[in-house]
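Colleague: Here the numbering used here is used: position 22 in the sequence shown is 40, and no number is missing along the way.
I have a structure I would like to understand better, so I am pasting it below and will then ask my questions one at a time.
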Amino acid sequence: MPGGKKICIGLLSTALVWPAVAKAQAGPVTTPRVIDIVADKDSRYKMPGQGHPEITVKAGESLLLRIEARRGKTWNRDGAIHGFTLLRSKDHAKVPGWDLELRSGKQEFPLTAPSQPGEYEVLCTVICSDDHDGMRMKFIVVP
């Protein structure tokens, strides 16, 4: 059947072209910004190249937090050794999706920066040592 070959070729070319068209219509794929953090055994957050760690992000920015957690003197029964919770500085309200429990070792967390510009604070929510209250870090969201 000569007409049958045309239909097959037409379907095959549509199947090959359609994924490229769909991808082009979806827009560019954004790669999340990777932020490396250490939640250390001395009850401090640390970042490479920073004496006093501070994170600055754009509102709504796609992020990948790569956190290495090192066990301090104490930890939760469930195995969490540190916490990483983001609070708005003005009212200390938790930012939804940003209440992380850290286990020993490296973990990755895909997150979206808050949409509201302003000052925030990261704090540890696991009693990890006598100096646990000092485990804080400034987090700034810019427009």
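No residue lacks a Cβ here, since even glycine has one placed at the ideal position from N, Cα and C.
Please go through the same chain and pick out, in chain order, the residues whose beta-carbon is closer than 8 Å to the beta-carbon of valine 160, but skip the five residues on each side of it.
Modeller: Same-chain partners within the cutoff: Thr74, Val75, Lys76, Ala77, Pro135.
Colleague: Provide the residue(s) that pair with glutamate 79 in DSSP beta bridges, ordered along the chain.
Modeller: Looking at the DSSP assignment, glutamate 79 forms no beta bridge with any residue, so it has no partner.
Colleague: Would you list the residues sitting across from lysine 112 in a DSSP beta bridge?
Modeller: Leu105
Colleague: Applying the criterion that 16 or more other CB atoms from any shown protein chain within 10 Å of the CB defines a buried residue, is valine 140 buried or exposed?
Modeller: buried
Colleague: Terminal residues of the continuous beta strand (DSSP E) containing valine 144?
Modeller: Unbroken run through valine 144: none, as it is neither H nor E.
Colleague: Considering only residues of the same chain and omitting the five flanking positions on each side of alanine 111, which have a CB-CB separation below 7 Å?
Modeller: Leu105
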